[in-house]
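Protein chains in written order, with the numbering used here: chain A, 12 to 233; chain B, 4 to 310.
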């Protein structure tokens, strides 16, 4: 899933500055799962903003709406009336949602309420951690299912570097050394004979360094 | 010979090599490099010029390496993978060779979190092992990583670092094997204080048949004070300072701790010489460059060979 965290409140106040009629737009996808941008969070944010407005003697109208996923046109269409009625859309979706609003409603300001951060898997309740960086050329079959690209602070493909200590990374004791985890898995799975193989320099094009990425499925095109 | 490197010749002739480290200044003052270079003249075979070590911005290693050359030293230009992609690294290797710099040493580089620009975007396009393989391809195949032919030759003596006592210990000899397979002509290690632990790793490397495939220079960092020893123990991964050494510094007293540190360094060098496969020492006297000559002399390693 995609993790996104709400921007600091003061930043959101600045972002909505000139607008009077704002759609506070929740998303039922990933941000609902990580409890940062779903229906409940949209309601709470609209309340907060109204209270601050009242304190500041500022008059604004907030419309609150949440759709299944803001990153798909069909779901976005369900909010067509609300988007049209608002001066601006304050989206609690990830950046993909904000972009799609901008593309679909060219004259409507699409404002981010969130900072989109990483591709995660859930850990303990209330905790998410980066587990993929979408490099476009997966090596997990070679590394025991543990990703060196997203989980090693240096994305080293022939690790571990000399900064590994007691299973932790040189950047901090709260970060596991990905290569220690990889080696443990490789041992468990009987893959250690593969360790001697040098991983060649990676082609970063499918990882976003070849320009914006897209996928086209001709069989699904209308 | 792969290059016209003096260090390569010294090692090939079977001499016990001595290298040291020169940290470029945090600014543009060439004088700093020249002053440090004076301490090393005639005392070592080559000097490593570090590349923004600890992720702190310093004069580029290529420029400082050339300045060191102008002072009569042979530089080992370090290159970290943190700050440059494969295009910039290869471009700098062309430039280095053009300037007469033929020893290069590739390291991952400390993460930028440790330095004075923690908000920087890191590169890590290739890792140190891939960088070694890239440099070897440039030299031996006359091609850049992307495949294009290189105009002119690329005489390089290629090195990389090894942290033999970093966790997990059992993987370190295997990772050394990868570095050698990638094309490392020489290896400089992280500082060794626990000589017997290091000897065990060298034995493991020997069992893998690695010792006649590369030249290993063991790292030595002279200790200046108890505080420094404690810092190394706690904060530098892969460095273990035995408590007995800390005790020696303590009982020497504050005034004489530095002298004791030099004495310890000399003893370590003498022990390292006895370990099969150790082809030399790499003395990293951090902001203590003026002590290197004394250490080398006390270790009985002067005069340095002319080739």
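Every residue, glycine too, gets a C-beta built ideally from N, C-alpha and C.
In DSSP terms, what residue i is bridged to
i: residue 235 of chain A; result: Any question about residue 235 of chain A goes unanswered here, given that chain A covers just 12 to 233.
i: residue 82 of chain B; result: B:109
i: residue 122 of chain A; result: A:101
i: residue 191 of chain B; result: B:164, B:220
i: residue 22 of chain B; result: B:49, B:285
i: residue 152 of chain B; result: B:146
i: residue 187 of chain A; result: A:179
i: residue 222 of chain A; result: A:220
Per-residue contacts from residue i into chain B (C-beta, under 9 Å)
i: residue 206 of chain A; result: 174, 177, 178, 181
i: residue 150 of chain A; result: Those do not exist, as residue 150 of chain A stays about 13 Å from chain B at its closest Cβ, beyond 9 Å.
i: residue 169 of chain A; result: 130, 131, 132, 133, 178, 181, 182, 185
i: residue 165 of chain A; result: 84, 85, 111, 112, 114, 125, 127, 130
Chain A within 9 Å of residue i, Cβ atoms only
i: residue 22 of chain B; result: no
i: residue 165 of chain B; result: yes
i: residue 148 of chain B; result: yes
i: residue 2 of chain B; result: As displayed, chain B neither begins before 4 nor continues past 310, which places residue 2 of chain B out of reach and without an answer.
i: residue 171 of chain B; result: yes
i: residue 288 of chain B; result: no
i: residue 117 of chain B; result: yes
i: residue 93 of chain B; result: no
i: residue 236 of chain B; result: no
i: residue 193 of chain B; result: yes
Simplified DSSP assignment, three categories, for residue i
i: residue 4 of chain A; result: The requested residue 4 of chain A does not occur in the structure, where chain A is confined to residues 12 to 233.
i: residue 77 of chain B; result: coil
i: residue 285 of chain B; result: strand
i: residue 227 of chain B; result: coil
i: residue 111 of chain A; result: helix
i: residue 139 of chain B; result: helix
i: residue 3 of chain A; result: Since the first residue of chain A shown is 12 and the last is 233, residue 3 of chain A is not available in this structure.
i: residue 264 of chain B; result: helix
i: residue 98 of chain B; result: helix
i: residue 36 of chain A; result: strand
i: residue 18 of chain A; result: coil
i: residue 135 of chain A; result: coil
i: residue 252 of chain B; result: helix
i: residue 89 of chain A; result: coil
i: residue 74 of chain A; result: strand
i: residue 311 of chain B; result: As shown, chain B starts at 4 and ends at 310. That puts residue 311 of chain B outside it, with no answer to give.
i: residue 152 of chain A; result: coil
i: residue 9 of chain B; result: helix
i: residue 293 of chain B; result: helix
i: residue 208 of chain A; result: coil
i: residue 243 of chain B; result: coil
i: residue 182 of chain B; result: helix
i: residue 168 of chain A; result: coil
i: residue 238 of chain B; result: helix
Amino acids of chain A, ordered along the chain, whose beta-carbon sits closer than 8 Å to that of residue i
i: residue 89 of chain B; result: 212
Within chain C, the residues that residue i reaches when beta carbons sit closer than 8 Å
i: residue 137 of chain B; result: In the structure shown, chain C does not exist; the protein chains are A and B.
Within chain A, the residues that residue i reaches when beta carbons sit closer than 7 Å
i: residue 241 of chain B; result: 173
Minimum Cβ-Cβ distance from residue i to chain B less than 9 Å
i: residue 181 of chain A; result: yes
i: residue 178 of chain A; result: yes
i: residue 188 of chain A; result: yes
i: residue 215 of chain A; result: yes
i: residue 231 of chain A; result: no
i: residue 157 of chain A; result: no
i: residue 74 of chain A; result: no
i: residue 33 of chain A; result: no
i: residue 14 of chain A; result: no
i: residue 191 of chain A; result: yes
Contacts that residue i makes with chain B (C-beta to C-beta distance below 7 Å)
i: residue 103 of chain A; result: Those do not exist, as residue 103 of chain A stays about 26 Å from chain B at its closest Cβ, beyond 7 Å.
i: residue 209 of chain A; result: 132, 136, 181, 184, 185
Within chain B, partners of residue i - CB distance below 8 Å
i: residue 194 of chain A; result: 171, 174
(request) Kindly confirm or deny that the segment 168-178 of chain A and the segment 133-143 of chain A touch, where touching means at least three C-beta pairs closer than 8 Å. (result) no
(request) Determine, using beta-carbon pairs with one atom in the segment 78-87 of chain B and one in the segment 139-147 of chain B, whether at least three such pairs fall under 8 Å. (result) no
(request) Give a yes or no on contact between the segment 29-40 of chain B and the segment 9-19 of chain B, applying the rule of three or more CB pairs nearer than 8 Å. (result) Pairwise C-beta distances place the segment 29-40 of chain B out of contact with the segment 9-19 of chain B, as fewer than three of them are shorter than 8 Å.
(request) Check whether the segment 275-290 of chain B touches the segment 245-262 of chain B, counting contact only when three or more Cβ pairs, one atom from each stretch, lie closer than 8 Å. (result) Touching, no, given that fewer than three Cβ pairs across the two stretches are closer than 8 Å.
(message) Under 8 Å, with one C-beta from each stretch per pair, do the segment 95-102 of chain B and the segment 119-134 of chain B reach the 3-pair mark?
(response) no
(message) Pairs of beta-carbons, one from the segment 287-303 of chain B and one from the segment 41-61 of chain B, closer than 8 Å: are there three or more?
(response) yes
(request) Would you be able to state if there are at least three C-beta pairs under 8 Å between the segment 87-94 of chain A and the segment 15-26 of chain A? (result) As far as the Cβ criterion goes, the segment 15-26 of chain A does not touch the segment 87-94 of chain A, which means the pair count is below three.
(request) Pair every Cβ in the segment 229-240 of chain B with every Cβ in the segment 204-212 of chain B, then say whether three or more of these pairs are closer than 8 Å. (result) no
(message) When you compare the segment 174-189 of chain A with the segment 12-28 of chain B, are there three or more beta-carbon pairs, one atom per stretch, that lie closer than 8 Å?
(response) no
(message) I'd like to know if the segment 70-77 of chain A and the segment 27-44 of chain A are in contact, where contact means that at least 3 CB-CB pairs between them fall below 8 Å.
(response) Contact between the segment 70-77 of chain A and the segment 27-44 of chain A is present, because at least three Cβ pairs lie under 8 Å.
(request) Specify whether the segment 147-166 of chain A and the segment 146-166 of chain B touch according to this definition: at least 3 beta carbon pairs, one from each stretch, less than 8 Å apart. (result) Not touching, per the Cβ criterion.
(request) Report yes or no: do the segment 256-275 of chain B and the segment 211-219 of chain B share at least 3 C-beta pairs separated by less than 8 Å? (result) no
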